[in-house]
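Enquirer: There's a structure below that I have some questions on.
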Amino acid sequence: MSRRRSPPLSLPKKPLLIILSGPSGVGKDALLNRMKEFKYPLEYITTVTTRLRRAGERNHIDYHFIAPEKFQDMI
547 MSRRRSPPLS LPKKPLLIIL SGPSGVGKDA LLNRMKEFKY PLEYITTVTT
597 RLRRAGERNH IDYHFIAPEK FQDMI
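Heads up, the sequence shown is in this note's numbering, so the first residue is 547 and it goes up one at a time.
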């Protein structure tokens, strides 16, 4: 499933890479949701985690949930 709703009208010649990174609770999701409200033509990645899934989280959408052993094999 893709989170993108519609294709951008045009892509910039030199796309801008934005990385939202920070500790839990600093507002990364709030900022991302605000950017989505403005309909910026953004692409999103789904990160991999070895932690247990929290209530409401969906595998391969919110995160790729994998076993620690599989993660070690991937690196």
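Glycine residues also receive a C-beta, built at the ideal position from the N, C-alpha and C atoms.
The structure displayed is predicted, hence computed values, not measured ones.
Hey, how far is the Cα of L563 from the Cα of P587?
Expert: For the purposes of this step, residue 563 is taken as the residue at position 17 of the sequence shown. For the purposes of this step, residue 587 is taken as the residue at position 41 of the sequence shown. In a straight line, the C-alpha of L563 is about 12 Å away from that of P587.
Enquirer: By Cβ distance below 6 Å, which residues in the same chain neighbour I565 in space, the five residues on each side in sequence not counted?
Expert: Mapped onto the sequence shown, residue 565 falls at position 19. For I565, where only same-chain residues beyond five positions count, there are no Cβ hits under 6 Å.
Enquirer: Excluding the five sequence neighbours on either side, which residues of its own chain have a C-beta within less than 6 Å of the C-beta of R600, listed in chain order?
Expert: Working through the sequence shown from its first residue, we reach residue 600 at position 54. Once the five neighbours on either side are set aside, R600 has no close Cβ partner at all.
Enquirer: With distance defined between alpha-carbon atoms, name the residue in K585, Y590, E589, F617 nearest to R597.
Expert: Counting from one through the sequence shown, the residue named residue 597 turns up at place 51. It is F617 whose Cα lies nearest to the Cα of R597.
Enquirer: Helix, strand or coil: which one does DSSP assign to F584?
Expert: Position 38 of the sequence shown, counted from the start, is the residue given in the question as residue 584. The answer is coil: DSSP assigns F584 none of H, G, I, E or B.
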